[in-house]
Amino acid sequence: MVKVKGLKCRECSRPYPPAPLHVCEFCFGPLEVDYDYESLRGTLTRRSIEAGPPSIWRYRALLPIDGEPAVGVHCGMTPLVKARNLARALGMREVYVKNDTVNHPSFSFKDRVVAVAITRALEFDFTVVACASTGNLANSVAAHAAEGGLQSFVFMPADLEQGKVIGTLIYAPNLVAVEGNYDEVNRLCSEIADKYRWAFVNINIRPYYAEGSKTFGYEIAEQLGWRAPRHIVVPAAGGSLVTKIWKGLKEFERLGLLDGRCETRMHLAQAEGCGPIVTAIKENSEIVKPVKPKTIAKSLAIGNPADGYYAYKAVKASGGHGDHASDEEIVEGMKLLAGTEGIFSETAGGVTVAAAKRLIEQGRIPRDESLVLCITGNGLKTQEAVAPSLRVSLQIKPTLRSFDEAMASHGIEVSPKDPS
Amino acid sequence: MAKRMVMLIFPETLVTEPVIYRLSRKFKIIPNVRRARVTEKVGELTLELEGEEEELAKGIAYLNGLGIKVQPAAGERG
Numbered sequence: 001m002v003k004v005k006g007l008k009c010r011e012c013s014r015p016y017p018p019a020p021l022h023v024c025e026f027c028f029g030p031l032e033v034d035y036d037y038e039s040l041r042g043t044l045t046r047r048s049i050e051a052g053p054p055s056i057w058r059y060r061a062l063l064p065i066d067g068e069p070a071v072g073v074h075c076g077m078t079p080l081v082k083a084r085n086l087a088r089a090l091g092m093r094e095v096y097v098k099n100d101t102v103n104h105p106s107f108s109f110k111d112r113v114v115a116v117a118i119t120r121a122l123e124f125d126f127t128v129v130a131c132a133s134t135g136n137l138a139n140s141v142a143a144h145a146a147e148g149g150l151q152s153f154v155f156m157p158a159d160l161e162q163g164k165v166i167g168t169l170i171y172a173p174n175l176v177a178v179e180g181n182y183d184e185v186n187r188l189c190s191e192i193a194d195k196y197r198w199a200f201v202n203i204n205i206r207p208y209y210a211e212g213s214k215t216f217g218y219e220i221a222e223q224l225g226w227r228a229p230r231h232i233v234v235p236a237a238g239g240s241l242v243t244k245i246w247k248g249l250k251e252f253e254r255l256g257l258l259d260g261r262c263e264t265r266m267h268l269a270q271a272e273g274c275g276p277i278v279t280a281i282k283e284n285s286e287i288v289k290p291v292k293p294k295t296i297a298k299s300l301a302i303g304n305p306a307d308g309y310y311a312y313k314a315v316k317a318s319g320g321h322g323d324h325a326s327d328e329e330i331v332e333g334m335k336l337l338a339g340t341e342g343i344f345s346e347t348a349g350g351v352t353v354a355a356a357k358r359l360i361e362q363g364r365i366p367r368d369e370s371l372v373l374c375i376t377g378n379g380l381k382t383q384e385a386v387a388p389s390l391r392v393s394l395q396i397k398p399t400l401r402s403f404d405e406a407m408a409s410h411g412i413e414v415s416p417k418d419p420s
Numbered sequence: 421m422a423k424r425m426v427m428l429i430f431p432e433t434l435v436t437e438p439v440i441y442r443l444s445r446k447f448k449i450i451p452n453v454r455r456a457r458v459t460e461k462v463g464e465l466t467l468e469l470e471g472e473e474e475e476l477a478k479g480i481a482y483l484n485g486l487g488i489k490v491q492p493a494a495g496e497r498g
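These protein sequence lines are chains G and U, in that order.
Numbering-wise (this note's numbering), the first sequence opens with residue 1 and increments by one.
Numbering-wise (this note's numbering), the second sequence opens with residue 421 and increments by one.
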């Protein structure tokens, strides 16, 4: 089935061959994969998807690879949790959590994009893969490179959370800690990508890489019984994820895979300390002004988002909105999700929950409509963010008396054992 | 000669000023505009700058000094 027509500039629509290219040489706009949807209509059905593997590769007809997946065969199909307790806490009727904290193999949604990017890189005969990363991508590239037997180079800001550094180093990549912020890491990697023939997954392989995020949207729709929810709240760093979830849902609609139409409102969540896209949404300005990041949500700390304009357009086209979350609200959001649903998300998840709470309180997400929260990474990676606000409940001597006294002094009441 | 793909973000106060003209007069830089977006409050210009590294660095410092944000054209990619 020939489904990829080639690449196309998102700005001027100029066509390009399906090669490792990412920028239009005429207008410098980003390139995107262009599909032959007509050839898929009728051949790609709910039944054919359901017959596929329990992974992102069940949607392979809508992913830009030619052959078999080379890495990440178990990626995706993460749980869509019906979050009854969280819904009650938020005063909502119907809330779901799309839980990519348990994605395989590196516990974030980045496994989706990297599995596609590295498979494509192998098809292009690259032998070295690389990335600039705020953490999750580093974990995922290193893990998939190990699986694919590829040499890898991972460039990270030197001040990242230990969990993300260790979670990368364990896979034995060449980890380069750059003494600078992500902006500087990114600039450096662009120069390296020009000099060496490496597959930088988020630079020269980016058009293919980004398509992997569509599976987040496909899975939401399929797991809801082939329908699109009324609202989705998505965290944003570079802004790509929200555009691709939106694209995925619209593709399903176009191919007749949804019950009814896609009337989903896409809402964006960013931290107050780095929220340029949400600021643009609030100001109704399609120009996203860069900021200097200062937030505990380091995985979202991208001050000059590459896809900011497209994220803005997707949110506006869907009728959605966006909101920020303070560092304090981020921690509270993480605790709320963990305390109500037993899901420990990284800081980005706290941003999503907190922004959703604000949007619900503003009435932008009506309480009687369905809502999906995109939880994109695992909390074990960013324990530093919540550690200061958590403490051991009771500390006692190893005696029953000490236990009873501690219980009483803390006012904890439990029912005694039934004597019968 | 080096080339750089950059995006300039203009504050409201500079949208009506001939900044690119002045850049090319003050420094040995050839600007080639590829794309632009302008709203009432802010302008965004994507262009290629060509010149010797030293001149490019001076020119970009000049733009920064005016209050224009100079970013890589492709932005930051997460």
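Each residue gets a CB set at the ideal place from its N, CA and C atoms; glycine is no exception.
Note that this is a predicted model, so its numbers are computed, not measured.
Flag residue i as yes if its beta-carbon sits less than 9 Å from any beta-carbon of chain U, otherwise no.
i, result
"Gly320/G", "no"
"His324/G", "no"
"Phe26/G", "yes"
"Ile277/G", "no"
"Ile365/G", "no"
"Ile203/G", "yes"
Can you name the residues of chain U whose CB is closer than 8 Å to the CB of residue i?
i, result
"Lys289/G", "Ile429, Val462, Lys489"
"Ser190/G", "Pro492, Ala494"
Report back the beta-carbon spacing between residue i and residue j to the nearest angstrom; my notes put them in contact at under 8 Å.
i, j, result
"Tyr209/G", "Ala117/G", "4 Å"
"Arg424/U", "Phe28/G", "The pair is not a contact, with the Cβ atoms about 11 Å apart (cut-off 8 Å)."
"Leu443/U", "Gly479/U", "6 Å"
"Met334/G", "Glu219/G", "Contact doesn't hold; Cβ gap of about 23 Å is too wide."
"Ile56/G", "Ala115/G", "7 Å"
"Thr264/G", "Ala228/G", "5 Å"
"Ala325/G", "Ala354/G", "4 Å"
"Phe447/U", "Gly471/U", "7 Å"
"Asp34/G", "Gly6/G", "6 Å"
Determine, for residue i, whether the minimum Cβ-Cβ distance to residues of chain G falls below 9 Å.
i, result
"Ala494/U", "yes"
"Glu472/U", "no"
"Glu437/U", "no"
"Glu432/U", "no"
"Glu475/U", "no"
Just to confirm, is the Cβ distance from residue i to residue j under 9 Å?
i, j, result
"Val351/G", "Ala311/G", "no"
"Ala314/G", "Lys214/G", "no"
"Glu346/G", "Asn103/G", "no"
"Glu384/G", "Gly163/G", "yes"
"Leu428/U", "Leu476/U", "no"
"Val176/G", "Phe153/G", "yes"
"Lys3/G", "Ala70/G", "no"
"Ala143/G", "Asp111/G", "yes"
"Gly379/G", "Gly411/G", "no"
"Leu337/G", "Ile375/G", "yes"
"Ile65/G", "Glu25/G", "no"
"Gly322/G", "Val278/G", "yes"
"Arg84/G", "Asp368/G", "no"
"Val426/U", "Val490/U", "yes"
"Tyr196/G", "Val128/G", "yes"
Could you name the residues of chain G that residue i contacts, counting a contact when the two beta carbons are closer than 7 Å?
i, result
"Arg457/U", "Glu286, Ile287"
At a CB-CB cut-off below 7 Å, which residues of chain U make contact with residue i?
i, result
"Glu11/G", "Arg455"
"Arg187/G", "Pro492"
Based on Cα-Cα distance, which residue from the options lies nearest to residue i?
i, options, result
"Ala89/G", "Asn202/G, Thr340/G, Lys381/G, Phe403/G", "Thr340/G"
"Lys316/G", "Thr243/G, Asp194/G, Ala408/G, Ala387/G", "Thr243/G"
"Phe109/G", "Ile65/G, Leu371/G, Ser240/G, Ser152/G", "Ser240/G"
"Glu11/G", "Val462/U, Pro438/U, Val426/U, Ala456/U", "Ala456/U"
"Val141/G", "Arg227/G, Ser415/G, Val165/G, Leu371/G", "Val165/G"
"Leu394/G", "Ala19/G, Ala387/G, Ser402/G", "Ser402/G"
"Phe421/G", "Lys289/G, Trp198/G, Pro30/G, Arg46/G", "Residue 421/G lies beyond the stretch modelled for chain G, which goes from 1 to 420, so this question has no answer here."
"Trp198/G", "Ala387/G, Ser13/G, Pro20/G", "Pro20/G"
Just to make sure I have the definition right: I need the residues of chain G whose C-beta is within less than 8 Å of the C-beta of residue i. Which are they?
i, result
"Met425/U", "Val23, Phe28"
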